[in-house]
Amino acid sequence: MSRGSQHLRSLTSLRFIAAFLVVAHHADPMVYPPSLQPLAVLRYGYLGVTFFFVLSGFVLVWSARDDDTARGFYRRRFARVWPLHALTFCLAAGLAAAGLVDVYGPAWAAPINLALLQAWVPDSEVILSFNDVSWSLSAEAFFYAVFPVLVILGRRRGWPVMLVAGVIWLVVGGVLAQALGSPGYVSTFPAYRVGEFVVGMALGLAARRATPARQALVPTSLASASVAVSFVALLAFNRFSGGWFADHAWAATLVMLPSVALVVMAFAARDAAGREGLLTHPVMVRLGLWSFALYMVHNIVLRLARPWTSEHGWTVFIAIAVAVALSGLLYEAFERPVEKRLRGRARPAVQLEPAGK
Numbered sequence: 010m011s012r013g014s015q016h017l018r019s020l021t022s023l024r025f026i027a028a029f030l031v032v033a034h035h036a037d038p039m040v041y042p043p044s045l046q047p048l049a050v051l052r053y054g055y056l057g058v059t060f061f062f063v064l065s066g067f068v069l070v071w072s073a074r075d076d077d078t079a080r081g082f083y084r085r086r087f088a089r090v091w092p093l094h095a096l097t098f099c100l101a102a103g104l105a106a107a108g109l110v111d112v113y114g115p116a117w118a119a120p121i122n123l124a125l126l127q128a129w130v131p132d133s134e135v136i137l138s139f140n141d142v143s144w145s146l147s148a149e150a151f152f153y154a155v156f157p158v159l160v161i162l163g164r165r166r167g168w169p170v171m172l173v174a175g176v177i178w179l180v181v182g183g184v185l186a187q188a189l190g191s192p193g194y195v196s197t198f199p200a201y202r203v204g205e206f207v208v209g210m211a212l213g214l215a216a217r218r219a220t221p222a223r224q225a226l227v228p229t230s231l232a233s234a235s236v237a238v239s240f241v242a243l244l245a246f247n248r249f250s251g252g253w254f255a256d257h258a259w260a261a262t263l264v265m266l267p268s269v270a271l272v273v274m275a276f277a278a279r280d281a282a283g284r285e286g287l288l289t290h291p292v293m294v295r296l297g298l299w300s301f302a303l304y305m306v307h308n309i310v311l312r313l314a315r316p317w318t319s320e321h322g323w324t325v326f327i328a329i330a331v332a333v334a335l336s337g338l339l340y341e342a343f344e345r346p347v348e349k350r351l352r353g354r355a356r357p358a359v360q361l362e363p364a365g366k
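Going from the sequence shown to the numbering used here is simple: count from 1 and add 9.
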């Protein structure tokens with residue numbers, strides 16, 4: 010594929026769709042009875058996080074340049090995630106102190122949360138403390154820490170080995186957690202979720218070394234259809250297992266992982282070829298740019314709106330609209346300018362072979 014600096018517009022837009030799935034998942038209990046089968050897919054909205062983890066590994070490899078420095082890499086990653094994390098932490102803590110929202114977590118968990126270490130503590134109240142969705146940033150922080158080592162191993166062993174290793178890690182880790190009676194904890198454990206990140210890195214290495222003739226090996230239509238098929242399979246597995254899959258996120262993730270990989274590769278190839286479509290429309294791309302802020306702020310808004318949504322379910326759509334609007338404001342007025350200021354002139358970090366090799 011083309012140089013890693015190319016903007017992946019379709020994948021940026023897909024970030025909004027993934028974030029919206031998470032929003033729908035968190036809003037689901039407020040509006041829809043669990044027995045409503047047409048909306049059962051919303052129970053699996055948390056799988057949007059799997060897309061984020063895979064995409065994170067892919068993009069970091071895709072965008073790497075030959076003149077990287079580790080210092081620049083870590084500076085960029087800090088600028089990308091921590092300021093908005095700190096802001097939403099303060100927002101959640103302030104609203105909780107005012108009695109306007111309920112949040113998990115003892116006060117002593119605050120420095121752990123701010124340091125993005127909460128997902129390492131085997132206590133759900135700490136993992137989900139303050140702004141609960143920030144547990145995934147704790148996992149991402151670990152991914153960033155090990156990325157320079159993983160990318161060197163990936164180059165030496167090759168992307169197929171890395172891909173298989175990531176999948177095996179997820180399967181073995183999930184089965185082991187199940188055997189030990191802790192399937193819930195493993196779903197937020199950074200050392201386990203790194204498997205999805207490794208899968209994304211393997212896809213990025215494969216994409217950078219692909220020849221032009223192999224760039225569009227999987228059509229976007231087929232990749233998109235695979236998502237629908239995977240969801241249908243997941244719902245069927247859940248029904249025939251008596252609801253087992255609904256309670257075991259690691260297993261549901263494994264069902265969806267192949268289609269997520271296909272989508273990332275197919276739409277990255279489409280972007281590399283410069284093809285236009287709905288996902289490259291400026292509005293969709295802008296929403297994609299807002300997706301991180303939407304992910305970080307939506308559950309605070311939903312909790313703040315709970316007195317109304319619990320009485321009048323339809324008002325949750327107003328709450329979601331407010332969350333989207335607020336995410337745009339946060340991106341334009343805080344996230345983007347602060348990130349730009351903190352990044353300075355830092356350049357991407359990690360040496361990779363040029364695309365096409």
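Yeah, the Cβ is synthetic: ideal placement off N, Cα and C, and Gly gets one too.
When DSSP reads this structure, Tyr113 sits in a beta bridge with Ser138. Taking a cut-off of 8 Å on C-beta distances, the stretch 17-32 touches the stretch 294-305, as three or more cross pairs fall below it. CA-to-CA, the gap between Pro120 and Pro199 works out to about 18 Å.
Pairing Ala150 with Leu125 gives a Cβ-Cβ distance under 9 Å. The continuous stretches of alpha helix (DSSP H) do not include Asp77, and DSSP gives it neither H nor E. Going by DSSP, Leu185 is part of the alpha helix (DSSP H) stretching over Trp168 to Leu189. The three-state secondary structure of Asp256, taken from DSSP, is helix. Residues of the same chain with a CB within less than 6 Å of the CB of Trp299, apart from the 5 flanking positions on each side, are Ser336, Gly337 and Tyr340 in chain order. With contact defined as three or more Cβ pairs closer than 8 Å, the stretch 158-174 and the stretch 183-200 are not in contact. Under the DSSP assignment, Pro228 falls outside any alpha helix (DSSP H); it carries neither an H nor an E label. If you look at Ser65, you'll find it in the alpha helix (DSSP H) that goes Gly57 to Trp71.
Residue burial annotation: Glu344 is buried, with at least 16 other C-beta atoms found within 10 angstroms of its C-beta.
In the three-state reduction of the DSSP assignment, His321 falls in the coil class.
If you check the CB distance, Leu137 and Tyr113 come in under 9 Å. When C-beta atoms of the stretch 63-71 are compared with those of the stretch 272-283, three or more pairs fall below 8 Å, so the two segments count as touching. For Phe198, no alpha helix (DSSP H) run applies, since DSSP gives it neither H nor E.
Under a 10 Å Cβ-count criterion, Phe152 is classified as buried, with 16 or more other Cβ atoms of the shown protein chains found around its own Cβ. Selection Tyr83, Asp141 and Val331 evaluated against Thr97 yields Asp141 as nearest (Cα-Cα).
For Glu285, no alpha helix (DSSP H) segment is defined, and its DSSP state is neither H nor E. DSSP, read as helix, strand or coil, puts Pro92 in helix. Counting C-beta pairs with one atom in each stretch, the stretch 72-79 and the stretch 281-291 have fewer than three that are closer than 8 Å, which means they do not touch.
Residue range Pro291 to Leu298 is occupied by the alpha helix (DSSP H) that includes Gly297. Beta-carbon to beta-carbon, Arg84 and Arg350 are separated by about 12 Å, too far to satisfy the 8 Å threshold. DSSP places Pro346 in the uninterrupted alpha helix (DSSP H) bounded by Arg345 to Arg352. Just so you know, the alpha carbons of Thr318 and Gly54 end up roughly 19 Å apart. For Thr289 against Thr59, the beta-carbon gap comes to about 23 Å, at or over 8 Å, which does not count as contact.
Between Ala237 and Gly183, the C-beta gap is not smaller than 9 Å, which leaves the two residues out of contact.
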